[in-house]
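With mature numbering (1 follows the signal peptide of the UniProt record, and there is no 0) as the guide, the letters of the sequence shown map in order to residues -25 to -1, 1 to 165.
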Amino acid sequence: MLRRRLVPLLAAAVFALVGAPIATATQAAAAATPQAVTTVYYDASQAPDLADNITEAVQIWNDSVQNVRLVAGSPADVTISEGYGGGSYTIPQGLGAGEVYLDLQQAQEYNPTRIVAHELGHIYGLPDNYDGDCSILMSGHSAGYDCQTTHPSAEEAAQVDANFADGIRARRQPTVYHGCFDRAPAELRA
């Protein structure tokens, strides 16, 4: 009878001494395990004149966010091309995918790394912001020619991390972003 009572008590004591630290260590390891990082592959071969600016903008984003990484590679989720005239713009094809067009004429007027970083912000799901605040990357041209900010604000970086928090790309309807590093449409100039 004493043995029947003692064995369960001993087992409970052993589990309390051994099992609790194992459970705590398992919980700590799970908390320390990084969540899945989404890799977005890009092809900038059609933008040779702005290659250094593209590399710099990619590094800025990779240093600023945790849940998504831009990597040059194929098959590309994002294609980056350049041309002369028409304004820089992005045509998203779902979060983390799309086409970026960089206007070389604008790159002579505005900071070209800022333009690239801004357009990549659209690929990450950030909308234009027209409040003219130079500290906000997505303010684009509304911050003026002199604005040299090339990094996303803490709020912008947090939003991108939230957009990619589940480690996979959430698909959405493509949207064309015009106006920020573009000649603003008439309704935005009013």
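Built from N, CA and C at the ideal position, the CB exists for glycine as well.
What did DSSP end up calling residue i once you bin it into helix, strand or coil?
i	result
residue -23	Interpretation of residue -23 is limited by its pLDDT of 49, a score under 50 that renders its predicted location unreliable; no figure is taken from the coordinates.
residue 88	helix
residue 81	helix
residue 6	Any reading at residue 6 is ruled out, since the residue's pLDDT is 44, under 50, leaving its predicted position unreliable.
residue -4	Residue confidence for residue -4 is low, a pLDDT of 45 falling below 50, so the modelled location carries little weight and cannot support an answer.
residue 66	strand
residue 32	helix
residue 61	coil
residue 129	helix
residue 39	helix
residue 21	strand
residue 47	strand
residue 73	strand
residue 137	helix
Buried or exposed, going by whether 16 or more other CB atoms sit within 10 Å of the CB of residue i?
i	result
residue 99	buried
residue 94	buried
residue 59	exposed
residue 134	buried
residue 103	buried
residue 20	exposed
residue 132	buried
residue 130	exposed
residue 22	buried
residue 120	exposed
residue 26	exposed
Write down the C-beta distance between residue i and residue j rounded to the nearest angstrom, noting that I regard them as a contact closer than 8 Å.
i	j	result
residue 43	residue 12	7 Å
residue 96	residue 112	6 Å
residue 92	residue 108	Not a contact, Cβ separation roughly 15 Å.
residue 123	residue 86	5 Å
residue 28	residue 88	5 Å
residue 70	residue 138	6 Å
residue 35	residue 126	5 Å
### Query
Should the region 37 to 53 be regarded as contacting the region 77 to 91, the criterion being three or more beta carbon pairs within less than 8 Å?
no
### Task
Quick one: which unbroken alpha helix (DSSP H) runs of 4-plus residues sit fully inside the region 92 to 116? Chain order, please.
none
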